[in-house]
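When we follow this note's numbering, the leftmost residue of the sequence shown carries the number 439, and every step to the right adds one.
Note that CB positions come from ideal geometry on N, CA and C, so glycine has one too.
I have placed the structure first, in the form of structure tokens, so that the comments after it can refer back to it.
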Amino acid sequence: MSMAIDFRRWLGMGGVPPHDHPEAYEWERRLHWIMVAVALLAIPAFYLEMRQYDDPLRGFGIELDLFIFLAFSLETLWMLHVCRHKWLYLKYNWLNALIILGSGLGLAGLPGEWLPVVRLLRIAYVTLALARMIASLRLLLSARAVPYAFVLGSITLLASGAGFYWLEPTIHSFGEGLWLAFITGATVG
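Printed below as a string of structure tokens:
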């Protein structure tokens, strides 16, 4: 008898438990990409909160944190509402509960030494959600998808260049931001 390990559950992204309501699976499918996008907001929130205290963009980072907290809280509460096996859902999705707890404590003014833990949890979720997303995009490996992959890569490079230009204080032009995005992508992959 072999016991298969479900790494998604082990990593806190197990989704709806087996043999639950069909409605729960439908809601999980609907909310998946929305929550991936919300989780990705942790990246600009992190950079915006690192700005000077008198910078108005720092407040926007805190607002993004609040939005992330509310989105994860509402999504988890809704999924608990539609799932039959509520405790099992929480057990399979423990990372959501940790993100909510960490974000809530950070927004409540928890001492600064806890802030890296909160951010680490968010970045962990973003990484795991992206891995899940990439696994579901197997069509990009086909020969017909190469032009789409090129367009997606170009858009990502342009958006990253704009992000570096907007967020990095040592970058003074979009061209420099684009170059930094290219070098980062070429180095890291």
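### Query
Do three or more CB pairs link the region 472–486 to the region 504–519 at distances below 8 Å?
yes
### Message
Spatial neighbours of Gly453 within its chain, please: C-beta separation below 6 Å, excluding the five flanking residues on both sides.
### Response
Glu466
### Query
With distances taken from CA atoms, which of Leu518, Glu614, Leu590 is nearest Gly600?
It should be noted that the sequence gives Ala, not Gly, for residue 600. Looking at the Cα atoms, Glu614 is the closest of the given residues.
#### Entry: Contact set for Thr594: own chain, Cβ-Cβ below 7 Å, skip 5 residues either direction
none
### Cα-Cα separation, Trp471 to Ala535
18 Å
### Query
Of all the alpha helix (DSSP H) runs that stay within the bounds of the region 451–533, which reach a length of 4 or more residues?
460–478, 480–487, 494–520, 524–530
### Task
State the CB to CB distance for the pair Leu533 and Met451, rounded to an integer number of angstroms; the pair is presumed to be in contact (CB under 8 Å).
6 Å
### Query
In or out: Ser611 buried (at least 16 other Cβ within 10 Å) or exposed?
exposed
### Task
Report the residue from Tyr603, Ala462, Ala597, Thr625 whose alpha carbon sits nearest the alpha carbon of Leu515.
Measuring from the Cα of Leu515, the nearest candidate turns out to be Ala462.
#### Entry: Beta-carbon proximity check, Pro455 vs His523, cutoff 7 Å
yes
### Task
Determine the direct distance from the alpha carbon of Trp525 to that of Gly591, and round the result to whole angstroms.
40 Å
### Task
Enumerate in chain order the residues of its own chain whose CB-to-CB distance from Phe620 is below 8 Å, with the five nearest sequence positions on each side excluded.
Leu595, Gly599
### Query
Would Leu635 be called buried (16 or more neighbouring beta carbons within 10 Å of its own) or exposed?
An answer regarding residue 635 cannot be provided, because it is not within the stretch 439 to 627 covered by the chain.
### Query
Taking the C-alpha atoms as reference points, what is the distance between Leu616 and His459?
Here the alpha carbons of His459 and Leu616 stand approximately 47 Å from one another.
### Task
Find the nearest neighbour of Trp604 within the set Arg489, Asn531, Trp448, judged by alpha-carbon distance.
Arg489
### Task
Leaving out five residues on either side along the sequence, give the residues of the same chain with a beta carbon under 8 Å from the beta carbon of Glu487.
Same-chain partners within the cutoff: Arg496, Gly499, Ile500, Asp503.
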